[in-house]
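Worksheet: one structure, shown below.
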Amino acid sequence: MKDGRTERKGRLSFKFLKSDKAENDKYDSMMRRRICILCTTLLLFLPGLLSANAGYLSHSLTAAGSISGRIMDAESNDPVSFAYIHLEEINRTSTSDRNGRFEFRNVPSGTFTLTVHRIGYVTQKNRIEISDNERFEITVTLQPTVISGESIEVIADADQLTGSNLEHASIKVTGDELRQDLGTTLSETLSNQPGFSQRTMGAAPGRPVIRGLGDQRVLILQDGERTGDVSWTSSDHAVSLDPSTANEIEIARGPAALEYGSNAIGGVINVVKNQIPNSVPTNITGVVSMQGASVNRGLTGAGSVTIPWNDIVLNLDLNGRTGQDFESPIGTLTHTHIRSSSNAFGASYIRPWGYAGLSGSMYFNRYGIPPDPVGGHEEGVDIEMTKYQVDSQSEILLNDSFFNLLELRGSFTSYQHQEIESDGLTGTEYGVITTTGSVKARHDELLFFDEGVVGLWGEHVDYAVFGSRTPNSNSTSASMYALQESDFGFFHLETGFRFDYNLARPEHDRPGSFIGYVRERSFYALTTSLSAIYDFGRGYHLGTTLMHSFRPPSLEELYSEGPHLAAYSFEIGNPDLGPERGLGSELFARYRTDQTNIELSGYYNHFNNYIYPRDTGQPNHRRPNLNNWQYVGARAALYGVEFSSEFRLVNNFRFSGSYSFTIGFRDVPEEEQESTGLEDSHQPLPLIPPMKGNIGIHYVKSDFSAGGRVRLAARQGRVAELETPTPGYAVVDLNAQYRFDWGDTFHTLTLNLQNLMNEEYYNHLSRIKHIFPEHGRSVNLLYRVYF
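Residue numbers (the numbering used here): 34 to 820.
Set out below in structure tokens:
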């Protein structure tokens, strides 16, 4: 060991010399906490495991109804196999079999949205009302489509249901759109959505940014659970999930986001994989895919299979990815390789009273961070991360009660992260243990609301950093929330509130620390949100969303104290930080028909204490090659506009286009103006994306489609102090897709040619844009088979 660092030998592990008592104490303390938290997690899982027996004993459990039917082609009247069916309100999913049939068992009484999606068809939403013990049968006819985002709404019981209940503030990415943009990371996959950008530092550590908001202001979930990693703390940290096996990606804003956190003013991104099965398929189903990319000689293999066995459903999900250093128009982007693997196994016991399920998963990723010969490491850093996660989920249907559905969740995550320098030594190492538990209840009518949910959520995070003076610390959070929605004729209303309490606690108080008085801090607040949408008919909708957000400072923002070589920074926390409070507003208009989809949005977000790491420009006295990055809070605002459109031109041609523009600034205090000589009281915030958009045209004929798009960005010269401007660019992409049936299987073949002209361009949100451009020309091929 050298300079308090650990030499790496063999597989990922924490190893310390016995003579280093301080490091040994850190490690022993962390292991003791792991054991305690593991025991707590097992207790959290007991409700789900015991609910199986409770189903036969409790008189409050119902002999629930069911929804079944067939998916048919509207033109040929042939069955449509491998359609993805989603019962939205209770988050059940299924896939139609080779005969187009599907079934949802143990469905509680109530009104539900049945969404049916299949590549090449119009997405159809059916509104269904079901009573106790009812067996509801439905035939869904899908129309072939040219418009990729086209959807239609069908009311199954028109005499009883009116209004615009199917129009919400949230969006989904599925089918052709998901496969066309499927990338190495989640952020790359979503980067062409209106208002989306990606914060990067090489190929692997990408994280989505929505309307200029990133980090903890955008929550990333997998199957409704937080990822348990440290991707939001720094640009060099990757998100610990792979999008290659996602069924769909949900993006929630407004009241819907409050179910998952009070801080997600930017939005919530939920990657849906259904690792815990929630319905019984009619037979064995699955998908296998392979993807290759020429730009880094990348290869990805993924597959999932769902196996029904009486009342038990098993699910297996496997994924592996490998890639060499990326090529760019100016040469090889050194140290941008990636090796990752993601594997999960889940099982559910499904009965008329509901279901109880358990899943276990493992994620491993080793990737490179490019070298910075001036302000960091000269030869690059390897980052190795491992995550083990156990999830439990149970659903109990209730009868003769105000609540008709009860959902219990528990999750335990063990995450390790090592930053390995060129000499084989570990410079910085993170260990995070996360335990969460929640209970959610769904109800029907309450006062003037048609339906809603209420819930309790709790989380404990145990956090340790080795290789710096950052103290071991932990945080405990508890929340209660309620979300309600209703229709008043053609007016749809969603509202919600969430109360949060957060306690941040370092292992030891440090009154004399150079960052300030390191001590225990507690925070609490009530957050609210409202969304209202009016349906004018003929496809026109007008809506608004308001949200008051609350974010306590994280453990890193409070207590960081040490070098972070992979991020080229010496990070300094601020234990006196107050909570970040924001007020967000949005006004949007939509026009949707079978030929056209158009949406225009304007938004404004104001923050009383916007927390971010600020580059002071001052070299650290202990590590002169690294600048001090100080966590600070400031009054700030972000506002902008967003536009997207898609419509049929002639016959089989469709046109698409999008545009987004965000401005972010902070208020400069008088003392800072005096000390720095700044004349303007407003200064740009760092890492705000430039004005950007894309224009595309596609030809669609039966099972074949082909087209291209131009990705555009303006010069970003509105930059924060010490931030580098980036020039504008125009990048051309081409793509083609063919799908076909073969026996009892369905196949899709997608070919993408990215950066056709091998344009040299730079992402303004890249931490290494002053060194390397984005990757060059690439041929990507994705083959997927459904069975």
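Glycine residues also receive a C-beta, built at the ideal position from the N, C-alpha and C atoms.
- Between Ser-689 and Glu-679, the gap from beta carbon to beta carbon is short of 7 angstroms.
- According to the DSSP assignment, Thr-178 belongs to no beta strand (DSSP E), since it is labelled neither H nor E.
- Per the coordinates, the alpha-carbon of Thr-367 lies some 15 angstroms from the alpha-carbon of Thr-233.
- When secondary structure is reduced to three states using DSSP, Pro-276 falls in the helix class.
- Within the segment 317-388, the complete beta strand (DSSP E) segments of 3 residues or longer fall at 318-326, 331-342, 345-356, 359-361, 364-366, 371-384, listed in chain order.
- Residue burial annotation: Tyr-550 is exposed, with fewer than 16 other C-beta atoms found within 10 angstroms of its C-beta.
- For Gln-749, there is no enclosing alpha helix (DSSP H), as DSSP marks it with neither H nor E.
- Secondary structure note for Tyr-514: it is in no alpha helix (DSSP H), and the uninterrupted beta strand (DSSP E) holding it is 506-521.
- Linking Phe-145 to Thr-339 through their CA atoms gives a straight-line distance of about 24 angstroms.
- Put simply, the backbone Cα of Arg-354 is about 14 angstroms away from that of Val-321.
- In the DSSP annotation of this structure, the continuous segment of the alpha helix (DSSP H) that includes Gln-706 starts and ends at 703-709.
- Assigned with DSSP and collapsed to three states, Thr-629 falls in strand.
- Under the 8 angstroms Cβ criterion, the segment 436-446 does not count as touching the segment 397-407, having fewer than three qualifying pairs.
- Comparing C-alpha distances from Arg-810 to each of Arg-800, Leu-798, Tyr-794 shows the shortest one belongs to Tyr-794.
- Looking at the backbone, the Cα of Gly-457 and that of Glu-412 are separated by about 12 angstroms.
- The beta carbon of Trp-265 is closer than 6 angstroms to those of Asp-248, Gln-249 in its chain, skipping five residues each way along the sequence.
- Taking a 10 Å sphere around the C-beta of Phe-603, we find 16 or more other C-beta atoms and assign the residue as buried.
- Residue pairing by DSSP places Val-113 in no beta bridge whatsoever.
- Listed as beta-bridge partners of Ile-171 by DSSP are Gly-102.
- The beta strand (DSSP E) runs lying completely inside the segment 580-657 and spanning 3 residues or more are 594-597, 602-605, 613-625, 629-652, given in chain order.
- Gly-390 sits close to Gln-426, with the two beta carbons spaced by under 7 angstroms.
- In the structure shown, Thr-757 adopts coil according to DSSP, grouped into three states.
- Of the other Cβ atoms in all chains shown, fewer than 16 fall within 10 Å of the Cβ of Phe-524; this residue is therefore exposed.
- If you check the CB distance, Phe-640 and Gly-606 do not come in under 7 angstroms.
- For Glu-428, the closest of Gln-451, Leu-438, Lys-420 by C-alpha to C-alpha distance is Leu-438.
- Here the alpha carbon of Val-765 sits roughly 34 angstroms from the alpha carbon of Phe-820.
- Using a Cβ-Cβ distance cut-off of 8 angstroms, the segment 376-396 and the segment 344-359 are in contact, since at least three pairs of beta carbons, one from each stretch, lie closer than that value.
- For the pair His-476 and Phe-436, the CB atoms are nearer than the 7 angstroms cut-off.
- Comparing alpha-carbon positions, the option among Ser-127, Thr-128, Thr-126, Glu-122 lying closest to Gly-143 turns out to be Glu-122.
- For the pair Phe-694 and His-715, the CB atoms are not nearer than the 7 angstroms cut-off.
- For the options Arg-647, Val-486, Ser-677, the alpha carbon positioned closest to that of Tyr-664 is the one of Arg-647.
- Listed in chain order, the non-local C-beta contacts of Gln-176 below 7 angstroms within the same chain comprise Ala-107, Tyr-154, Val-155, local neighbours out to five positions each way being set aside.
- With respect to the 7 angstroms criterion, Ile-171 and Phe-137 are not classified as neighbours on the basis of their beta carbons.
- By the Cβ neighbour-count rule, Gly-529 is buried, with 16 or more other Cβ atoms within 10 Å of its own.
- Looking at Glu-210, Val-301, Gly-460, Met-323, the one whose alpha-carbon comes closest to that of Val-498 is Gly-460.
- Looking at the DSSP output, Pro-404 bridges to nothing.
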